[in-house]
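The structure appears right after this line, and notes come after that.
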Amino acid sequence: MPGPLSTGVGSFPGTDQRAFDEALSVVLGELGAHEPGLPFLPEVPGRGATAGMVGRTVGLVTELDADLQPAGWRLTGTSGAPALDQRRARSLLAQDLDTVEEQATGYAGAFKIQVVGPWTLAATVERPRGDKLLADHGARRELAQALALGVADHVRDVRRRLSGVDRLVVQVDEPALPAVMAGAVPTASGFGKHRTVHPPEASAAVEELLAAVRDAGAEPWVHCCAAGAPLALLRDAGAQGLMVDLGLLDASGHDALAESLEAGLRVGLGIVPTTEPPVPPGDKEHVERVQRWLDMLGLDPGEVADRLVITPACGLAAASEGWARRALETCRSVAAAFS
Numbered sequence: 001m002p003g004p005l006s007t008g009v010g011s012f013p014g015t016d017q018r019a020f021d022e023a024l025s026v027v028l029g030e031l032g033a034h035e036p037g038l039p040f041l042p043e044v045p046g047r048g049a050t051a052g053m054v055g056r057t058v059g060l061v062t063e064l065d066a067d068l069q070p071a072g073w074r075l076t077g078t079s080g081a082p083a084l085d086q087r088r089a090r091s092l093l094a095q096d097l098d099t100v101e102e103q104a105t106g107y108a109g110a111f112k113i114q115v116v117g118p119w120t121l122a123a124t125v126e127r128p129r130g131d132k133l134l135a136d137h138g139a140r141r142e143l144a145q146a147l148a149l150g151v152a153d154h155v156r157d158v159r160r161r162l163s164g165v166d167r168l169v170v171q172v173d174e175p176a177l178p179a180v181m182a183g184a185v186p187t188a189s190g191f192g193k194h195r196t197v198h199p200p201e202a203s204a205a206v207e208e209l210l211a212a213v214r215d216a217g218a219e220p221w222v223h224c225c226a227a228g229a230p231l232a233l234l235r236d237a238g239a240q241g242l243m244v245d246l247g248l249l250d251a252s253g254h255d256a257l258a259e260s261l262e263a264g265l266r267v268g269l270g271i272v273p274t275t276e277p278p279v280p281p282g283d284k285e286h287v288e289r290v291q292r293w294l295d296m297l298g299l300d301p302g303e304v305a306d307r308l309v310i311t312p313a314c315g316l317a318a319a320s321e322g323w324a325r326r327a328l329e330t331c332r333s334v335a336a337a338f339s
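So for the sequence shown, the UniProt record's numbering puts the first residue at 1; every next one is plus one.
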């Protein structure tokens, strides 16, 4: 029977360009050269703030200018003249895509890229006069619109570069969304919390980005490795895939994933540890865990296995190089066991 895919969440260990080149080699070797794999554009945040997931996404938002401050990224206006750090982020991403274009010559199949979603970006990036964009309803709306435009351009650029890719997946990372909706994001002073963002507004911003991804010719998935992920909201906003850390799900999360599988969505199960444990689980243990989960939900593996995606629990930036490679090997082996 057709089995699950295997892929990574995004990040890899390392601090220099050599680390990115090695990460890409591992990704293409483990996931691009063997079934059932979904290769992806790796992130190596150890190279600096311009290489992290927020920095990369800020670099895509060409409608808004930003620079790096001691507290992190801050918007500076809409002059169309981005600051040095934002230009560096754009340049580094273009350099990484050049490397992918070179190493993936002749590759035909599916490929995945990652961007940060509007709510995690609003909870991370500061507005010009300080505090997070989350504090300003107008600013976060403007950010969501600019993000949708920037990501659509990014999708078109990747499609142009990787002409052999027949299916492009865009993974939207929203680790801060549960905290945003729970009113748990601290203010700049640290003494208060930002106001709760209610489901209709939270859904609308995500929906705008996911629609832009689809309109640009890609398949939008959403990844949230935090507890309390609003999976039903993300599905209803237009996500065609949901990726989670399986160990963080509550009862409603399990139910939402079951409903998503039955509705035909892809579901990414984060089951492989992100750093090497004292006694790493074997492939058989991972397979049995997935089988127990499907059994708990009353789902037939023969009917839903081709919609599953096996992944690490989250990114691999804190792993050793050896474990990062082994984690992807394990994901591929576990996925293959269902075929």
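The C-beta atom is built at its ideal place from N, Cα and C for all residues, glycine as well.
Bridge-paired residues (DSSP) for residue i
i: residue 167; result: 110
i: residue 6; result: 37, 310
i: residue 224; result: 244
i: residue 266; result: 241
i: residue 115; result: 172
i: residue 259; result: According to DSSP, which records beta bridges pairwise, residue 259 is partnered with nothing at all.
Residues near residue i by beta carbon distance below 6 Å, same chain, minus five either side
i: residue 180; result: 119, 123, 197
i: residue 330; result: 272
i: residue 415; result: Nothing can be reported for residue 415, as the shown portion of the chain is limited to 1 through 339.
i: residue 37; result: 6, 31, 332
Neighbourhood of residue i by C-beta, 8 Å cutoff - its chain only, sequence neighbours within 5 removed
i: residue 185; result: 123, 132, 134, 176, 179, 193, 194
i: residue 318; result: 13, 274, 275
Exposure of residue i, with buried meaning 16 or more beta-carbon neighbours within 10 Å
i: residue 191; result: exposed
i: residue 8; result: buried
i: residue 279; result: exposed
i: residue 174; result: buried
i: residue 57; result: buried
i: residue 150; result: buried
i: residue 24; result: buried
i: residue 171; result: buried
i: residue 320; result: exposed
i: residue 277; result: exposed
Nonlocal neighbours in the same chain, by C-beta distance under 7 Å from residue i, ignoring five residues either side
i: residue 98; result: none
i: residue 139; result: 127, 133
i: residue 156; result: 216
i: residue 237; result: 203, 206, 207, 210
The segment 129-137 in contact with the segment 203-214 per 3-pair CB rule at 8 Å:
no
Would you mind listing the alpha helix (DSSP H) stretches within the segment 268-321 that are 4+ residues and don't spill past its ends, in chain order?
283-297, 301-304
Complete alpha helix (DSSP H) runs within the segment 21-82 (minimum length 4 residues, chain order):
DSSP runs (the alpha helix (DSSP H)) wholly in the segment 21-82: 53-60.
Would you call the segment 81-91 and the segment 101-113 touching, i.e. three or more CB-CB distances under 8 Å?
Contact fails: fewer than three Cβ-Cβ distances are below 8 Å.
Threshold first: 4 residues or longer. Then list the alpha helix (DSSP H) segments lying entirely within the segment 136-205, N to C.
137-161, 177-182
Touching by the beta-carbon criterion (3+ pairs, under 8 Å), the segment 297-310 and the segment 253-273
yes
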